[in-house]
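Take 472 as the starting number for the sequence shown in our numbering and just add one per residue. First up is the structure itself, then whatever we jot down about it.
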Amino acid sequence: MVALAPEGDTVWNIAKRFRVTPEQLLSWNEGLVEPIREGTEILVLSRPGKKRRPS
Numbered sequence: 472m473v474a475l476a477p478e479g480d481t482v483w484n485i486a487k488r489f490r491v492t493p494e495q496l497l498s499w500n501e502g503l504v505e506p507i508r509e510g511t512e513i514l515v516l517s518r519p520g521k522k523r524r525p526s
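Written out as structure tokens, the structure reads:
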């Protein structure tokens, strides 16, 4: 998925939101630097929220 960064967001905050590590986020987005500009497209190879277990 591609996420759009809001103004003032950080690699750490985005990683936390999508339950990935900052290192993973940086590896998927070469050249991503802080401060992240508003509207920057960020590739995230995960989905936010809790994962459901099959019942």
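Ideal Cβ placement from N, Cα and C applies to all residues, glycine included. All values derive from a computational prediction rather than experimental measurement.
#1: With H, G and I counted as helix, E and B as strand and the rest as coil, what does DSSP make of Leu516?
#2: For Leu475, count the other beta carbons within 10 Å of its own beta carbon; 16 or more makes it buried, fewer makes it exposed. Which is it?
#3: In this structure, does DSSP put Val491 in helix, strand or coil?
#4: Assuming Val473 and Leu514 make a contact with CB atoms under 8 angstroms, what is their CB distance in whole Å?
#5: Given this structure, state the Cα-to-Cα distance separating Arg490 from Asn500, to the nearest angstrom.
Once the coordinates are examined:
#1: coil
#2: exposed
#3: coil
#4: 6 angstroms
#5: 16 angstroms
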